[in-house]
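Numbering (the UniProt record's numbering), first residue to last: 1 to 560. Here is the structure we will look at.
This is how it looks when you write it as structure tokens:
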């Protein structure tokens, strides 16, 4: 539902409920290799505010990476199957996936039946042969839904609405200008969502939540600026920054389908920064893709902005979501298994990274259900050109993002400390909410397990220490190198927005406090002092991760 600046297509793609459920036969494009995703790529599930035309705004088999060996499993391990999804015996699926030459527009894959049913339930959509939904007040009267949001009703007095620049299934986007004040004449993008399209309570809540998230998160350098939300009897108006540089997908295509490693790093750093920020606030985007990142200007070095928070949701640190949403090519395996959290966003970033570096999709099929099977069963190919010519670190980075086990997938903050990113860029690693999760997990461990963890701490590497040193510093230790619960609260609140209240992160921190005293927290960060001798450090800290065998020490921080 990202705000876009391109003109509406002369042949807009049909609503998901109007698509033929038979496999799409694409005879016009030779099948040879994975191509970049179509701009009108089919979504698994949409929200009343979900369409990019509406707004502007390591390793697969559990092997330890030689570059970035530690992983960050979710503490909620009991919510996952003990066994990873089985590999497909079919060579055509497990070894590689077909790709196609660049040619647009691609016909959208046919949606799977069960996803179609989810979409219909979510938005109350009717079948094509049924009567159309009444417009305006008649629709509200028929549904009996309260479509009043409490937004300002003075949109017309503040903005001059211009031409339509994009249209989606649930609304459209127009250019507009401020009528008065300091910003008079400044161009903005306005997403207009007709209330007649809001046919279910869930659809109404989607719009309400989107505005709440935008209002809470706005201000980050890589997130579209939110100005305000308005409503009248017929529509909701969401006013945001106008990004005239176009979509990341367009830039990829204009470069012949792929980026150089250095240019791809610059893009990935911006994406990881904003996603790590969202995750710290307890917000999961759920629809990350090249179409949902816009450049502020046509300049090659212009800033990248994340848009389209129509599918986003608040998620508590220990919570798992179960509704299937997102876009087919970018959906994570655990989303299809209906048990996921912020790790699903990192998978989507991995798909984007794969596309940036080679210009192809890691998973492809002619139908949406086929795409889902590939996501669950197939491994992306790293043997076809240009992968053999790319650095080993670049491949390791992508593989660690596309690990099918979310417990072994890097977090966005950890990805920023990966050697491929940090060795050629001065990257500031943000505070990772995973730190607090793992502390809580460690405090719940038995004495015997804690002793084993101390012994295992000696397996840590320099790359692991880099990430943990940054995290330790962000927790603002006392002068004697200890960290109290007050230190942790201060560090968290320093990065807090109103979104944290919705995701109950402060409550989670209080639950950590009930498990420990200040001395206990200090011990957690000090028991690896002997490990730090080789690193010229006075002391260190350690955190725990859960693997298939149980809680093990995966992280240690040096303190100079």
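Backbone N, C-alpha and C define an ideal beta-carbon position, used for all residues, glycine too.
In the DSSP assignment, residue 225 falls outside any beta strand (DSSP E), carrying neither H nor E.
Of all C-beta pairs linking the segment 347-354 to the segment 267-278, three or more are shorter than 8 angstroms, placing the two stretches in contact. In the pairwise beta carbon analysis, the segment 324-336 is classified as touching the segment 286-300: at least three pairs are separated by under 8 angstroms.
In this structure, DSSP gives residue 259 a state outside helix and strand, which the three-state scheme calls coil. A straight-line Cα-Cα distance of about 42 angstroms links residue 488 and residue 371.
The Cβ atoms of residue 176 and residue 163 lie no closer than 7 angstroms to each other. Of the candidates 389, 331, 410 and 345, 331 places its Cα closest to the Cα of residue 361. Distance from the CA of residue 451 to the CA of residue 443, rounded to the nearest whole angstrom, comes to 12 angstroms. Under DSSP, residue 308 takes part in no beta bridge, so it has no partner. The segment 411-423 and the segment 465-480 touch, with no fewer than 3 CB-CB distances between them shorter than 8 angstroms. Here the segment 186-194 lies against the segment 237-257, with 3 or more beta-carbon pairs under 8 angstroms apart. Judged by DSSP in its simplified three-state form, residue 333 adopts helix. Look at residue 432 here: in three-state DSSP terms it is coil, with no helix or strand label. Here DSSP, grouped into helix, strand and coil, assigns residue 321 to strand. Of the residues 222, 387, 482 and 384, the one whose Cα lies closest to the Cα of residue 296 is 222. Contact check between the segment 486-500 and the segment 202-220: three or more CB pairs, one atom from each, fall below 8 angstroms, which counts as touching. Taking a C-beta distance under 7 angstroms as the contact criterion, residue 291 and residue 406 do not qualify as a contact pair. By the neighbour-count criterion, in which 16 or more other beta carbons inside 10 Å mark a residue as buried, residue 195 falls on the buried side. Residue range 159-167 is occupied by the beta strand (DSSP E) that includes residue 163. In the three-state reduction of the DSSP assignment, residue 439 falls in the helix class, which pools H, G and I.
Boundaries of the alpha helix (DSSP H) around residue 354: 343-358. Under DSSP, no beta-bridge partner is assigned to residue 200. For residue 294, the enclosing beta strand (DSSP E) starts and ends at 293-295. Shown here, residue 404 sits in coil according to DSSP, grouped into three states, outside any helix or strand. Contact between residue 220 and residue 277 holds: CB atoms are separated by about 5 angstroms, below the 8 angstroms threshold. Around the beta-carbon of residue 254, fewer than 16 other beta-carbon atoms lie within 10 Å, marking it exposed. For the options 313, 312, 314 and 293, the alpha carbon positioned closest to that of residue 304 is the one of 293.
The beta carbon of residue 315 lies closer than 8 angstroms to those of 282, 283, 284, 321, 341, 342 and 503 in the same chain, with the five residues before and after it left out. Scanning 375, 369, 336 and 161 for the CA closest to the CA of residue 363 turns up 375.
Ranking 172, 301 and 252 by CA distance to the CA of residue 237 puts 172 first. Closest in C-alpha terms to residue 462, from the list 475, 422, 431 and 491, comes 422.
Counting C-beta atoms within 10 angstroms of its own C-beta, residue 260 has fewer than 16 neighbours from the protein chains shown and is therefore classed as exposed. Residue range 235-241 is occupied by the beta strand (DSSP E) that includes residue 235, with no alpha helix (DSSP H) assigned at that position. Straight-line measurement puts the Cα of residue 447 at about 51 angstroms from the Cα of residue 249.
Between residue 179 and residue 158, the beta carbon gap of about 6 angstroms places them in contact (Cβ cut-off 8 angstroms).
If you look at residue 375, you'll find it isn't in any beta strand (DSSP E); it sits in the alpha helix (DSSP H) that goes 368-377.
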